[in-house]
Structure formats: structure tokens, C-alpha cells
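Following: one structure in C-alpha cells, then a few remarks.
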Amino acid sequence: MGAAGDGCDGGLAPGAELVAALTRAGETLACAESLTAGLVAATVADTPGASAVLLGGVVAYAPEVKASLLGVPADLLARVGTVDPAVAAAMAEGVRRRLGATWGLSTTGVAGPGPSEGKPEGTVHVAVSGPSGTRTRALELNGPRAQIRSATVDAVLRLAVEETGATRRTPAPPWEPRGTVGLSGHPGGDPATDHPTPAT
1 MGAAGDGCDG GLAPGAELVA ALTRAGETLA CAESLTAGLV AATVADTPGA SAVLLGGVVA
61 YAPEVKASLL GVPADLLARV GTVDPAVAAA MAEGVRRRLG ATWGLSTTGV AGPGPSEGKP
121 EGTVHVAVSG PSGTRTRALE LNGPRAQIRS ATVDAVLRLA VEETGATRRT PAPPWEPRGT
181 VGLSGHPGGD PATDHPTPAT
């Protein structure tokens, strides 16, 4: 995996590669964002032709917005807070359902400075929900606030490229164990753990 901002495949940045892959497949995308506050959708929209695939997005900073607009269960938020892989998964599934998209992307985490909800700065969860299920990735990022947010955008777009099959010769079945992947090029470069769940 290349450094943040480098192309995933063929020299394209991950946002551009995702737009190209979804355009070829005739598929659509929606974004649910907390700590990135619209940066994922804006990055996708930087690519000419993005209007063919990007349906829209929801910036859901507050827990009540996550619950009311994205359908994240209130009892889940009360139990684990907003920075949790299950919340990221529910956000991605919620925005996909709400906007009628083929794929839903989500980001939630602590951009800093300092901890939040008892989670250290740089704790981030991203998720991608699609026809074969939902996959989350846990990140441990370092650096200033802007760098953490930028690295989060890069990470969720790279995960989306993987899930849409843009970098796979054969799409993986929904139950395939994904294991652990590295995040070389991200601030901190700590391992990121993936958690796939089946489609419902």
C-alpha cells in the first residue's frame, strides 16, 4: 500500500480510482462522516465525473444525528459511545440505506487534540457497506488534527477501493477472514484491524 496521496493502482489517487471503478460498474456511493465532516465526499467530488456515482452524504457529528438520520441504535451509542467499529458499521449501513446507494462509507473517531470519550487521540474507525456486507477498519493514527483527518479520508477510500473490487482480480466472499493489514504511509503506521460482517 502506498503513502497517503499516492495512487492505489495505475497511478490514480484512491478517490479517482473509486470513481472510475464505480462508473464502470454503474454503482453509486454515499458517505456518512463524523470526524472528517464532509472531507470524504469532497475528496471524491474532486474527481471529474464524480456526479455519476456520488449521491450525497451526511455529516453526523452529534450522537443524536447519528441516531436520527443514519439509524445508529441509540442503545449502542449509549453503551459504547460514538468511537467504535459497530457505530462505524451502522453509519455506513445507514447512509447506504437512507440514500439508496450501492455503497456506504463512514468515518468516526478522535481527531484531537487530546482524548474523547476515554479514547486516545488518533483512534479512528472507518467502514464500507455494500452488497456483500460491511467491513470495518480500526486505525491508530498520529499527528496533528488535520493530518489525522486527512489520513482517515485516505484510509476509508482505500478500503472502499478494496471492497468494490477495484484492486482485486476476484472479489472476496463475504465471510472470508481478512486478517490484519498494515497502513504504511499513514501517520504512525500502526497496524489496522479489519472486521468483515455479512450483508443483511
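Residue numbers (the UniProt record's numbering): 1 to 200. Cβ coordinates follow ideal geometry from the N, Cα and C atoms, glycine included.
How would you call residue i, buried or exposed, if buried means at least 16 neighbouring beta carbons within 10 angstroms?
i, result
"GLU163", "buried"
"ASP75", "exposed"
"ALA21", "buried"
"SER51", "exposed"
"ALA101", "buried"
"ALA78", "exposed"
"VAL17", "Looking at the sequence provided, one finds Glu at residue 17 rather than Val. Label assigned to GLU17: buried."
"SER68", "exposed"
"ALA146", "exposed"
"PRO196", "buried"
State the DSSP-derived secondary structure class of residue i, mapped to helix, strand or coil.
i, result
"THR43", "helix"
"ASP194", "strand"
"ARG169", "Note that ARG169 has pLDDT 42, beneath the 50 cutoff, so the model's placement of it is unreliable and no number is given."
"ALA62", "coil"
"LEU29", "strand"
"GLU87", "A small fix is needed here, since residue 87 is Val in this sequence, not Glu. VAL87: helix per DSSP, three-state reduction."
"THR164", "coil"
"THR23", "helix"
"THR134", "strand"
"LEU55", "strand"
"VAL128", "strand"
"GLU140", "strand"
"GLY109", "strand"
"LEU35", "coil"
"GLY179", "Residue confidence is low: GLY179 scores 29 on pLDDT, short of 50, so the model does not pin down where it sits. No coordinate-derived value is stated."
Excluding the 5 residues flanking residue i on each side, which residues of the same chain have their C-beta closer than 7 Å to its C-beta?
i, result
"GLU117", "GLY81, THR82 and VAL83"
"ALA86", "LEU76 and VAL80"
"THR23", "GLY49, ALA52 and VAL53"
"LEU99", "ALA30, LEU55 and GLY56"
Give me the Cα-Cα distance between residue i and residue j, rounded to the nearest whole angstrom.
i, j, result
"LEU139", "ALA32", "17 Å"
"ALA111", "PRO144", "8 Å"
"GLY109", "ARG158", "17 Å"
"GLU93", "GLY104", "6 Å"
"SER106", "GLY122", "16 Å"
"TYR61", "GLY38", "10 Å"
"PRO115", "ARG149", "15 Å"
"GLY130", "VAL72", "17 Å"
"ALA45", "VAL58", "14 Å"
"residue 212", "LEU141", "Nothing in the structure corresponds to residue 212, since the chain is present only between 1 and 200."
"PRO14", "THR134", "19 Å"
"ALA42", "VAL156", "13 Å"
"THR152", "VAL126", "8 Å"
"VAL128", "ASP154", "13 Å"
"ARG137", "GLU64", "23 Å"
"VAL161", "GLY11", "14 Å"
"VAL124", "SER34", "10 Å"
If I'm right that residue i touches residue j with Cβ under 8 Å, what's the distance once you round it to whole angstroms?
i, j, result
"THR36", "VAL53", "With 8 Å as the limit, THR36 and VAL53 do not qualify as a contact, their Cβ atoms being about 18 Å apart."
"LYS66", "MET91", "6 Å"
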